[in-house]
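Numbering (the working numbering), first residue to last: 1405 to 1601.
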Amino acid sequence: MTELNYTCQKCGTCCHEIEFKKRIPLYPNEADILIEIAKKRGIAFKIIEDLVFPDILNNKILVVTYKIRLDNETHGCPFYDAKNGCTVHEVKPLACKAYPLALKQVDAFNFQISVDPLCNYVEGNYDLLKKADFAKIKEIFKNEYPNAQEHLKKNKKLMVKIKKLEYKNIIKISREILLDDFNKYLKEWDREEITIN
C-alpha cells in the first residue's frame, strides 16, 4: 500500500461526458478566467448555470456555480488535449484540481470522502485503494486532498453568505417553488453571481 502515490495519467476520463453524468463545476471567477483563455486561443468554450437559487425578494436568479458544457463533438472539456492532458493546468478549476477526490459534509461534525472509480488510476489500483483508510487516502492523494478540502470550504462559505444575506433580509430564497414557476423565473429574471473573496 505504501507504494501508491497518485499521478494523473492524462487519460481525460475526468474531462469527458460519461453517460450524461459528468459535471465540471466552476465558480464565477474560474469561469471568467477560462472564458478569457478560450477567446485568446479561439476555442469554442460554453458554460451553463449549475447551482442557482431564486431570490424572490429581488426577482433575481443567484448563480453560485456554472458548469462546462460537454455537448461538443468530443463530449469533453475543450481544454483537454489527448497528447498533453489539461492545457490550462495552472489555472484549472478547483474541482479539477481535487479530482478524483470529492468531500461531502454529512452533518455538523462529519464529512465523507469519495474517490471516483472511473479514474484510470483508481480503477487500476482499486483493490488496494478500497482497503485504504482515511489517513492513507490523504497520503496517496497528497496534492488533491487539500484542493478537495478547499472546494468543500468554499462551498460552505458560499452557503453561509447566502444564509447571512437572507438573515439581513437582503435576499429571500424560496424553499417551496413549483417547477413551472422556477422555469419562468429562469427565463425572465436577471442574474447575480454570489461570490466570496
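All residues carry an ideal CB built from backbone N, CA and C; glycine is no exception.
(Q) Considering only DSSP beta bridges, list what Ala1442 is partnered with. (A) DSSP lists no partner for Ala1442.
Q.
Residues in the same chain with beta-carbon distance under 8 Å from Leu1474, minus the five sequence neighbours each way, listed in chain order, please.
A. His1420, Glu1421, Lys1426, Ile1428, Gly1480 and Cys1481
Q: Over the uninterrupted beta strand (DSSP E) stretch that includes Tyr1470, give me the two end residues.
A: Lys1464 to Ile1472
Q. With Pro1432 and Glu1597 assumed to form a contact (beta carbons below 8 Å), what rounded beta-carbon distance in angstroms separates them?
A. 4 Å
Q: State the CB to CB distance for the pair Lys1504 and Val1519, rounded to an integer number of angstroms; the pair is presumed to be in contact (CB under 8 Å).
A: Sequence inspection shows Pro at residue 1504; the Lys mentioned does not correspond to that position. Contact flag correct, Cβ pair sits at about 5 Å.
Q | Residue range of the unbroken alpha helix (DSSP H) whose run includes Asp1584 | A | Leu1583 to Glu1592
(Q) Checking 8 Å against the spacing of the C-beta atoms, do Ile1447 and Leu1430 come in under that value? (A) no
Q. With DSSP run on the structure shown, which of helix, strand or coil describes Cys1419?
A. helix
Q) Roughly how many whole angstroms lie between the Cα atoms of Tyr1410 and Leu1590? A) One C-alpha to the other measures close to 41 Å.
Q: Determine the extent of the beta strand (DSSP E) in which Ile1458 is found, giving its start and end residues.
A: Looking at the sequence shown, residue 1458 is not Ile but Pro. Membership of Pro1458 in the beta strand (DSSP E) is indicated by the continuous run Ile1451 to Asp1459.
Q) Which residues in the same chain have their Cβ closer than 8 Å to the Cβ of Ile1541, if we skip the five residues on either side of it in sequence? A) Excluding sequence neighbours, Ile1541 sits near Leu1505, Ile1517, Val1519, Leu1533 and Tyr1549.
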